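Asker:
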Amino acid sequence: MRALAAADFRALGCDARLVVTDPDHLEACRWLLEKDLATIDATCSRFRSDSELASLDTAEGRTTPIGALLGEALSVALRAAEATDGDVDPTVGSAMNELGYDRDFTLVHRDGRPVRLTVRPVPGWRRVRLDRAAGTVTMPPGTRLDLGATAKAWAADRAAQMLAAASGCGVLVSLGGDTAVAGKPPEGGWRIRVQDITGHPDEPATGPDTTVAIREGGLATSGTSARRWRRGGQEMHHIVDPRTGRPVLTPWRTVTVAAATCADANTASTAALVRGAAAYDWLERLRLPARLVATDGSVVRTTGWPQERKDKEEAA
Numbered sequence: 069m070r071a072l073a074a075a076d077f078r079a080l081g082c083d084a085r086l087v088v089t090d091p092d093h094l095e096a097c098r099w100l101l102e103k104d105l106a107t108i109d110a111t112c113s114r115f116r117s118d119s120e121l122a123s124l125d126t127a128e129g130r131t132t133p134i135g136a137l138l139g140e141a142l143s144v145a146l147r148a149a150e151a152t153d154g155d156v157d158p159t160v161g162s163a164m165n166e167l168g169y170d171r172d173f174t175l176v177h178r179d180g181r182p183v184r185l186t187v188r189p190v191p192g193w194r195r196v197r198l199d200r201a202a203g204t205v206t207m208p209p210g211t212r213l214d215l216g217a218t219a220k221a222w223a224a225d226r227a228a229q230m231l232a233a234a235s236g237c238g239v240l241v242s243l244g245g246d247t248a249v250a251g252k253p254p255e256g257g258w259r260i261r262v263q264d265i266t267g268h269p270d271e272p273a274t275g276p277d278t279t280v281a282i283r284e285g286g287l288a289t290s291g292t293s294a295r296r297w298r299r300g301g302q303e304m305h306h307i308v309d310p311r312t313g314r315p316v317l318t319p320w321r322t323v324t325v326a327a328a329t330c331a332d333a334n335t336a337s338t339a340a341l342v343r344g345a346a347a348y349d350w351l352e353r354l355r356l357p358a359r360l361v362a363t364d365g366s367v368v369r370t371t372g373w374p375q376e377r378k379d380k381e382e383a384a
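Every letter in the sequence shown is one number past the one before it in the numbering used here, and letter 261, counting from 1, is 329.
Right, here's the structure in full:
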């Protein structure tokens, strides 16, 4: 069996990793992937003033034409909101800005000026009217969209399927830890390291970790510790409760979910943080394999979580 080939680079404000089962296709797949992600960034980024998404900030309630790519990304976000009863809501953009997360995280001031936090629900996904057939969207005045809870996972799904079809080999695409696989997997499946502290898969883990194997679909981890900052002595993180507009209070440090797609996995893992103590039963009812790590480091796993591997073989 030929060795896997991998490439790492930055895209969509995060670490991107591409792994293929045929090394001969690595360079071509990387070129296609970088091109596709650049297009998605120009379309969906909340941090680029020239993005198509940012242009909606000034719509002020008007019905606005949008391109097919943004329509697809927004459709995924609205479907996630519906599936989670609003726990994952794309209308949190203004709330994120008020908390200080108003630019690429590498540029966020980690200890900034105090902010006055008020409990205020976000506009709400039900007030967004997307007409994909007509290519338009209508939102309440003042609404700012943030597709951060779904866009990277959707992009990973989209890219993995595209590259597997183009190359004819097995493909893994990971964007900031949101991982999608497509095509014929390597023997034993795609081995993926799950960890509570973000780190490169080729380097030793710096916190609790485990390794699982998947053959299809996607795997995603959401957490409250990786993207944190302070405002006037108050701890902030990027998981917002749409019902309050403030960082969610949750008993979980990280939640990892495996699902039919990476978008579904990330939707569930993010919603689990928002649901808090009720998350385990909710994931069980949905029959979603998941690993939940509490703030004290204790771990619980739902039915169907992949068998964990403790060996030292290379993981993607």
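Built from N, CA and C at the ideal position, the CB exists for glycine as well. Quick caveat, the model's predicted, so the values are computed rather than measured.
(1) When you compare only the Cα positions, how much space is there between residue 241 and residue 86?
(2) What three-state label does DSSP hand residue 147 in the structure shown?
(3) On the criterion of 16 or more Cβ atoms from any shown chain inside 10 Å, does residue 135 qualify as buried, or is it exposed?
(4) State the Cα-Cα distance for the pair residue 259 and residue 107, rounded to the nearest angstrom.
(5) Leaving out the 5 sequence neighbours to the left and right, which residues in its chain are closer than 8 Å to residue 71 when beta-carbon positions are compared?
(6) Tell me, please, whether the region 92-103 touches the region 244-262 by the rule of three or more beta-carbon pairs shorter than 8 Å.
(7) How would you label residue 133, buried or exposed, when you count the other beta carbons within 10 angstroms and need 16 or more for buried?
(8) Can at least three beta-carbon pairs, one atom from the region 319-326 and one from the region 347-357, be found at a separation below 8 Å?
(9) Among residues of its own chain, excluding the 5 on either side of residue 339, which ones have a beta-carbon nearer than 6 Å to its beta-carbon?
(10) Classify residue 272 as helix, strand or coil using the three-state DSSP reduction.
(11) Which of the three DSSP states is assigned to residue 259 in this structure?
(12) Less than 7 Å between the beta carbons of residue 221 and residue 199, yes or no?
(13) Report whether the distance from the Cβ of residue 324 to the nearest heavy atom of the ligand PLP is below 6 Å.
(14) Taking only runs that begin and end inside the region 333-373, name each unbroken beta strand (DSSP E) of 3 or more residues, in chain order.
(15) From what residue to what residue does the beta strand (DSSP E) around residue 242 run?
(16) So residue 108 is in the alpha helix (DSSP H); what residue range does that whole segment cover?
(17) So, under 8 Å CB-CB, residue 137 and residue 159 are touching, yes? Tell me the CB distance rounded to an integer number of Å.
(18) For residue 37, which three-state DSSP category applies?
Answerer: Inspection of the coordinates gives the following:
(1) 5 Å
(2) helix
(3) exposed
(4) 29 Å
(5) 91
(6) no
(7) exposed
(8) yes
(9) 152, 155 and 156
(10) For residue 272, the predicted model reports a pLDDT of 46, less than 50, meaning its position is unreliable and no value from the coordinates is stated.
(11) strand
(12) no
(13) Absent from the structure shown: the ligand PLP. Ligands present: none.
(14) 358-362 and 367-369
(15) 239-243
(16) 94-112
(17) Not a contact, Cβ separation roughly 20 Å.
(18) It is not possible to answer for residue 37, since the shown part of the chain is limited to 69 through 384.
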